Every structure is written in structure tokens, then in C-alpha cells.
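One structure is given below, encoded as C-alpha cells.
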Amino acid sequence: MGTAARNRYRATVRAILRRAERHWGWLSPAPPIILEPETPPDIVPLTREQARQLINAASPHLQRVIRFALATGLRKANILDLQWGSVDLPRRQMWVSGNDAKGKKTLGLPLNAMAVAVLEEAVLEEAQGKHPTFVFTIEGRHYHEIDHRTWQSLVKRSGIPKGFRFHDLRHTWASWLAQAGTDPQKLRQLGGWSSLRMVERYSHLNVDHLREAANAITF
Numbered sequence: 035m036g037t038a039a040r041n042r043y044r045a046t047v048r049a050i051l052r053r054a055e056r057h058w059g060w061l062s063p064a065p066p067i068i069l070e071p072e073t074p075p076d077i078v079p080l081t082r083e084q085a086r087q088l089i090n091a092a093s094p095h096l097q098r099v100i101r102f103a104l105a106t107g108l109r110k111a112n113i114l115d116l117q118w119g120s121v122d123l124p125r126r127q128m129w130v131s132g133n134d135a136k137g138k139k140t141l142g143l144p145l146n147a148m149a150v151a152v153l154e155e156a157v158l159e160e161a162q163g164k165h166p167t168f169v170f171t172i173e174g175r176h177y178h179e180i181d182h183r184t185w186q187s188l189v190k191r192s193g194i195p196k197g198f199r200f201h202d203l204r205h206t207w208a209s210w211l212a213q214a215g216t217d218p219q220k221l222r223q224l225g226g227w228s229s230l231r232m233v234e235r236y237s238h239l240n241v242d243h244l245r246e247a248a249n250a251i252t253f
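The sequence shown begins at 35 in my numbering and counts up one residue at a time.
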């Protein structure tokens with residue numbers, strides 16, 4: 035069994051233990067589960083067309099989660115566990131608690147038009163009595179996990195590259211911002227990364243600063 039496979043098992047156990055601590059009150063605190071270092075895979079972001087294919091192939095409740103992921107770059111757990119108390123729609127901003135953030139620091143984020151549209155749809159459902167606490171729901175219940183087989187089936191059905199993971203939506207978000215020329219420091223803050231080193235893997239996707247040099251070649 036390879037490192038990635040072992041880490042998937044560990045991540046599943048860690049998610050269960052964290053839920054037992056934060057939502058069920060069975061543990062205090064949950065024991066740490068350490069993942070092994072992995073060689074990061076090459077980042078191949080979705081194109082806009084591929085993103086639309088993925089969204090269109092998904093069920094309505096999963097469509098909303100995917101759209102929010104592409105709009106904000108948030109990790110899956112931060113999206114699924116998002117509560118209305120952490121959202122300020124009039125000011126178009128939200129917070130990720132330090133308890134839920136990877137860097138253990140509370141993260142404040144501005145909400146763009148795409149993210150606001152998703153939340154406004156969820157507000158309409160909440161007003162109909164769908165769920166008073168959690169933003170993302172399914173049939174009136176907290177949508178707390180995306181089944182692995184459901185995700186694999188969606189990827190296959192949508193026609194996007196095999197092996198595309200939910201976390202790759204975060205990579206896609208960061209890649210799109212890098213390609214648009216977003217300042218690396220701002221990208222770091224938006225993504226909640228602790229250092230610019232984490233942002234460097236996206237910097238090669240923006241080649242505008244090299245265009246003048248490349249155009250020096252004529253024949």
C-alpha cells in the first residue's frame with residue numbers, strides 16, 4: 035500500500051475523530067492523526083468549461099457545494115461545516131474559526147458575487163425551514179460528508195479527467211487567480227496559507243511577466 039492510500043485511511047479516521055469531538059462531544063480532545071508527507075502531484079486545474087461540466091453533472095445540493103468551492107477556494111471540511119453564524123451577507127464576508135482552519139488562526143474572507151449567489155440560494159432554503167444552523171444541507175439535514183463513490187461517479191459522468199479530487203477544486207481556484215495575475219501575497223491570505231512557499235506552486239501558471247522577454251525573439 036502506497037503513501038497516498040495509507041493517508042486516505044488516516045484521513046478518514048481523523049475526520050471521524052474530529053466529528054466525535056466537535057459535533058458529538060464524545061472526545062475532548064480528539065487524538066491527533068498524522069499524515070505521511072507525500073510528493074505533491076502536478077497541478078492541472080480545470081478549465082472553465084470542465085468546471086461547468088462538473089457542476090451540470092452534479093445533483094442540486096452538490097452543485098451548490100462545488101460552486102462555493104470554486105468561488106472561495108475553501109477546503110471541503112470548512113465548506114460542509116460552515117454555519118450561518120460565520121456568515122455576514124450584508125457585508126459580504128465570512129469567517130473560518132481557528133478551530134477549523136488548518137493554520138489554527140481565524141480566517142476572515144471576502145465573498146465574491148459567485149459565493150454570495152450560492153449563499154442567497156441557501157438563505158431561501160433556510161427560510162423554508164431547511165436548517166437553522168448549517169449552510170449546506172441535503173433534504174433538511176446537515177450535508178456533512180461527500181461519499182467517495184458518489185464523487186467518483188460524478189467525475190466519470192462529467193467527463194473531466196479521472197482521479198480529480200474535491201481538493202483539486204481548491205487548486206483550480208488558486209490556479210485561476212494566479213493566471214489572472216493576483217498578487218502572491220493576496221493569494222496567500224485568501225487561501226489561508228501560512229507562507230508564500232505554499233503559493234509558489236501556482237506562480238508558474240501566470241506567464242504575463244515573461245511575455246515581454248519571450249517576444250524579444252523574432253525571425
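All residues carry an ideal CB built from backbone N, CA and C; glycine is no exception.
This structure is a prediction, so every number in the text was calculated from the model and none was measured.
Counted within 10 angstroms of its Cβ, other Cβ atoms place residue i as buried (16 or more) or exposed
| i | result |
| --- | --- |
| residue 206 | buried |
| residue 253 | exposed |
| residue 100 | buried |
| residue 106 | buried |
| residue 79 | buried |
Closest Cα partner of residue i within the set the options
| i | options | result |
| --- | --- | --- |
| residue 218 | 130, 149, 236 and 89 | 236 |
| residue 77 | 251, 247, 157 and 213 | 213 |
| residue 40 | 54, 68 and 62 | 68 |
| residue 155 | 51, 48 and 102 | 102 |
According to DSSP, residues forming a beta bridge with residue i
| i | result |
| --- | --- |
| residue 94 | DSSP output for residue 94 lists no bridge partner at all. |
| residue 127 | 122 and 144 |
| residue 117 | 168 |
Residues near residue i in its chain [Cβ-Cβ closer than 6 Å; skip 5 each side]
| i | result |
| --- | --- |
| residue 176 | 168 |
| residue 98 | 152 |
Boundaries (first-last residue) of the alpha helix (DSSP H) holding residue i
| i | result |
| --- | --- |
| residue 201 | Taken as a continuous stretch (DSSP letters only), residue 201 belongs to no alpha helix (DSSP H), as it is neither H nor E. |
| residue 46 | 37-56 |
| residue 220 | 218-225 |
| residue 247 | 245-248 |
| residue 186 | 182-192 |
| residue 110 | 110-114 |
7 Å Cβ shell around residue i - same chain, five flanking residues per side excluded
| i | result |
| --- | --- |
| residue 239 | 209, 212 and 213 |
| residue 127 | 142, 143, 144 and 145 |
Sequence-distant residues of the same chain with beta carbon closer than 8 Å to residue i, five excluded per side
| i | result |
| --- | --- |
| residue 188 | 88, 91, 92 and 96 |
Heavy atom of the ligand NAP within 7 Å of residue i beta-carbon
| i | result |
| --- | --- |
| residue 126 | Looking for the ligand NAP in the displayed structure turns up nothing, as the structure carries no ligands at all. |
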